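Engineer: In the numbering used here, the protein residues as written are 2 to 339. For glycine and all other residues, C-beta sits at the position ideal for the given N, C-alpha and C. Everything numeric in this text was worked out from a predicted model, so none of it was measured. Here's a structure for you.
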Amino acid sequence: MIKEPLQQATSGVIEAHTPGTPQEALLCDMDLPLRGIFYPLGYAVEILTNRSAVLKAANQSFGHACSSRTGKPLQVRVGVSDREGLQCPPEPTRREYNHLYSLVANADNQALLDLKTCTSFIWMTQAAVDYKLYFRHNFLDKAVYLLLGASVVTDLHAACVSKNRKGILLCGDSGAGKSTLAYACARSGWTYVSDDTSYLINDSEAPRVIGHSHRARFRPSARALFPELEDCELTPRLEGKPSIEVPTSKLPVLRTATESTVHFIVYLNRYPSAAGRLTLLPNGTATQRARLELYSAGEVRAKHEKILGVLSDIPTYELQYWDLDQGIRALERLALSA
């Protein structure tokens with residue numbers, strides 16, 4: 002939802018600045034008269050900026066979602082300068098120390114975030130914002146989900162599907178087939194929640210995750226498995242890896258859900274001679290593995306590690322499989338179990 006422009010600041014201190022002052026060189030007094038409120042993962046996030054192109058980019062990233070949670074909106078400030086330049090900046094270098102996080106592409110395109118106070122500012126050039134996918138994937142989306150991950154949710158490297166009202170997290174190493182198996186389940190009538198990233202709701206009594214059910218993402222090799230992806234173009238992901246991203250509304254997916262309670266956790270082990278077998282793993286396995294996959298640091302990481310303890314008592318399995326139909330049948334047995 003894009004709102005009317007904010008009133009311009011009239012502070013005498015700001016008006017006293019003239020071109021060439023140290024404050025102007027620091028870009029600390031950039032006027033951000035435009036704002037829009039969006040709802041990624043159902044949480045309110047307010048974007049403050051001086052360019053309408055930023056709000057259009059935010060609408061492309063988050064316009065699919067509506068409000069489903071209460072609470073004060075997080076604020077993300079994006080200031081766009083008129084520095085000259087036509088080339089797309091390089092992929093930003095990411096650094097983190099305790100609750101401080103930076104994204105630096107070059108001197109004119111960077112972001113600073115305090116994950117403890119959820120304070121952030123993104124400085125961009127107009128040329129960088131004009132490269133819409135670059136701006137969204139490397140700065141805007143990244144900043145928003147970092148702030149949400151530091152305050153209300155905990156990221157899980159897992160897909161999620163459900164059947165018979167039983168949600169199953171699909172976990173495993175990169176290339177284990179989380180996205181493809183989740184989509185194969187959805188094509189077979191399961192409810193689709195997320196591909197390879199799910200967000201554990203921090204304050205939920207029962208383990209519950211939110212997913213990007215509005216879209217599905219695949220590696221380029223998935224074209225060989227699903228004919229409907231043959232003509233789909235490649236798009237960049239947050240980490241710059243090429244992928245195929247398609248709205249689920251354009252795919253043969255009958256049921257989607259933005260959230261699911263987690264009843265089972267399954268780690269995928271895919272290899273050619275696998276027999277489609279589920280093996281029960283010790284309690285606490287999911288918590289231990291999820292903690293190893295955290296990207297957070299310092300106080301934020303300590304909070305995430307504590308929250309992940311909620312996964313300890315969820316029945317956790319390893320699925321040894323190779324064929325997608327074989328994997329679906331094994332998961333159906335699990336969903337139909339008591």
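Compute the distance between the beta-carbons of I266 and A287, then report whether it is under 7 Å.
Structural biologist: Against a cut-off of 7 Å, the Cβ pair of A287 and I266 comes out as a contact.
Engineer: Quick check on the burial criterion: 16 or more other C-beta atoms within 10 angstroms. Buried or exposed for I329?
Structural biologist: It counts as buried.
Engineer: Relative to the alpha-carbon of N60, which residue among S313, C67, R70, F39 has its alpha-carbon at the smallest distance?
Structural biologist: Ranking the options by Cα distance to N60, first place goes to F39.
Engineer: Whole angstroms is fine: what's the gap from W323's alpha carbon to S274's?
Structural biologist: Looking at the two C-alpha atoms, the distance is approximately 7 Å.
Engineer: Using a 10 Å radius around the Cβ and a threshold of 16 neighbouring Cβ atoms, would you call K307 buried or exposed?
Structural biologist: Exposed, because fewer than 16 other Cβ atoms sit within 10 Å of the Cβ of K307.
Engineer: Assign L134 to one of two classes, buried (16 or more other C-beta atoms within 10 Å of its C-beta) or exposed (fewer than that).
Structural biologist: The residue is exposed, with fewer than 16 neighbouring Cβ atoms inside 10 Å.
Engineer: In terms of DSSP beta bridges, what is A159 paired with?
Structural biologist: A159 pairs with C172.
Engineer: Within a Cβ cutoff of 7 Å, which residues of the same chain sit near D156, ignoring the five residues on either side of it in sequence?
Structural biologist: The answer, listed in chain order, is G150, T198, Y200.
Engineer: Residues in the same chain with beta-carbon distance under 6 Å from S54, minus the five sequence neighbours each way, listed in chain order, please.
Structural biologist: The sequence as given places Ala at residue 54; Ser does not occur at that position. Excluding residues within five positions, the ones whose Cβ falls inside 6 Å are V130.
Engineer: Label R290 either buried or exposed according to how many other C-beta atoms from any shown protein chain fall within 10 Å of its C-beta, with 16 as the threshold for buried.
Structural biologist: So R290 counts as buried.
Engineer: Please confirm whether P168 and S261 have their CB atoms less than 7 Å apart.
Structural biologist: First, the residue type needs correcting, since residue 168 is Gly and not Pro in the sequence shown. Contact flag set, yes.
Engineer: Under the assumption that V153 contacts V77 (Cβ atoms under 8 Å), give the Cβ distance between them as a whole number of angstroms.
Structural biologist: Incorrect: roughly 14 Å between the Cβ atoms, too far for contact.
Engineer: Shortest alpha-carbon distance to L147 belongs to which of Q127, T126, A112, R166?
Structural biologist: Comparing Cα positions, the closest option is A112.
Engineer: Apart from the five residues on each side of it in sequence, which residues of its chain come closer than 8 Å, Cβ to Cβ, to N41?
Structural biologist: As written in the sequence, residue 41 is Pro, which differs from the Asn given in the question. Same-chain partners within the cutoff: S62, F63, A66, V145, Y146, L149.
Engineer: Considering only DSSP beta bridges, list what R96 is partnered with.
Structural biologist: Looking at the DSSP assignment, R96 forms a beta bridge with S103.
Engineer: Leaving aside the five residues before and after Y184 along the sequence, list all residues of the same chain whose C-beta is less than 6 Å from its C-beta, in chain order.
Structural biologist: Result list for Y184: A217, in chain order.
Engineer: With 16 other CB atoms within 10 Å as the buried threshold, where does P93 fall?
Structural biologist: By the 10 Å Cβ count, P93 comes out buried.
Engineer: In angstroms, rounded to a whole number, what distance separates the CA positions of M125 and V79?
Structural biologist: Taking the straight line joining both Cα atoms gives about 7 Å.
Engineer: C233 and S195: beta carbons closer than 7 Å?
Structural biologist: No, they are not a contact pair.
Engineer: If you reduce the DSSP assignment to three classes, tell me which class A207 lands in.
Structural biologist: Coil, per DSSP.
Engineer: Give me, in chain order, the residues of the same chain whose beta-carbon lies closer than 7 Å to that of T257; leave out the 5 immediate sequence neighbours on both sides.
Structural biologist: The answer, listed in chain order, is T192, Y193, S214, T249.
Engineer: Just how far apart, CA to CA, sit I245 and S222?
Structural biologist: Between I245 and S222, the C-alpha separation is close to 9 Å.
Engineer: Can you look up E319 in the DSSP assignment and give me helix, strand or coil?
Structural biologist: It is a strand residue.
Engineer: Using a threshold of 7 Å, state whether the C-beta atoms of R70 and G43 are closer than that.
Structural biologist: In this structure, G43 lies closer than 7 Å to R70 by Cβ.
Engineer: Is the beta carbon of V254 sitting closer than 7 Å to the one on A187?
Structural biologist: Going by C-beta atoms, V254 is nearer than 7 Å to A187.
Engineer: Below 8 Å on the Cβ atoms is my contact criterion, and I expect E231 with L252 to pass it. Report the Cβ-Cβ distance as a whole number of Å.
Structural biologist: No, E231 and L252 are not in contact; Cβ-Cβ is about 13 Å, not under 8 Å.
Engineer: Residues in the same chain with beta-carbon distance under 7 Å from I56, minus the five sequence neighbours each way, listed in chain order, please.
Structural biologist: Position check: residue 56 holds Leu in this sequence, whereas Ile was assumed. Cβ neighbours of L56 beyond the five flanking positions: I3, L35, G37, I48, T50.
Engineer: State the Cα-Cα distance for the pair D30 and H305, rounded to the nearest angstrom.
Structural biologist: Spanning the two alpha carbons is a distance of roughly 35 Å.
Engineer: Here's the rule I'm using: 16 or more other beta-carbon atoms within 10 Å means buried, otherwise exposed. How should L182 be labelled?
Structural biologist: L182 is buried by the Cβ-count criterion.
Engineer: Is any heavy atom in the ligand MG found nearer than 6 Å to the beta carbon of S62?
Structural biologist: No copy of the ligand MG occurs in the structure displayed, which carries no ligand at all.
Engineer: Quick check: the Cα distance between Y102 and L295, rounded to an integer number of angstroms?
Structural biologist: Approximately 15 Å, taken between the alpha carbons.
Engineer: CB-CB under 7 Å to F374, same chain, minus the five flanking residues each way: which ones, in chain order?
Structural biologist: Absent from the model: residue 374. The displayed extent of the chain is 2 to 339, so no value can be given.
Engineer: Give the DSSP bridge partners of Y193, in chain order.
Structural biologist: Y193 is bridged to V162, T257.
Engineer: Can you tell me the Cβ-Cβ gap for D109 and S82, rounded? I've got them flagged as a contact below 8 Å.
Structural biologist: At roughly 7 Å, the Cβ-Cβ gap stays under 8 Å, so D109 and S82 are in contact.
Engineer: Is Y268 near G173, with beta carbons less than 7 Å apart?
Structural biologist: Yes, they are a contact pair.
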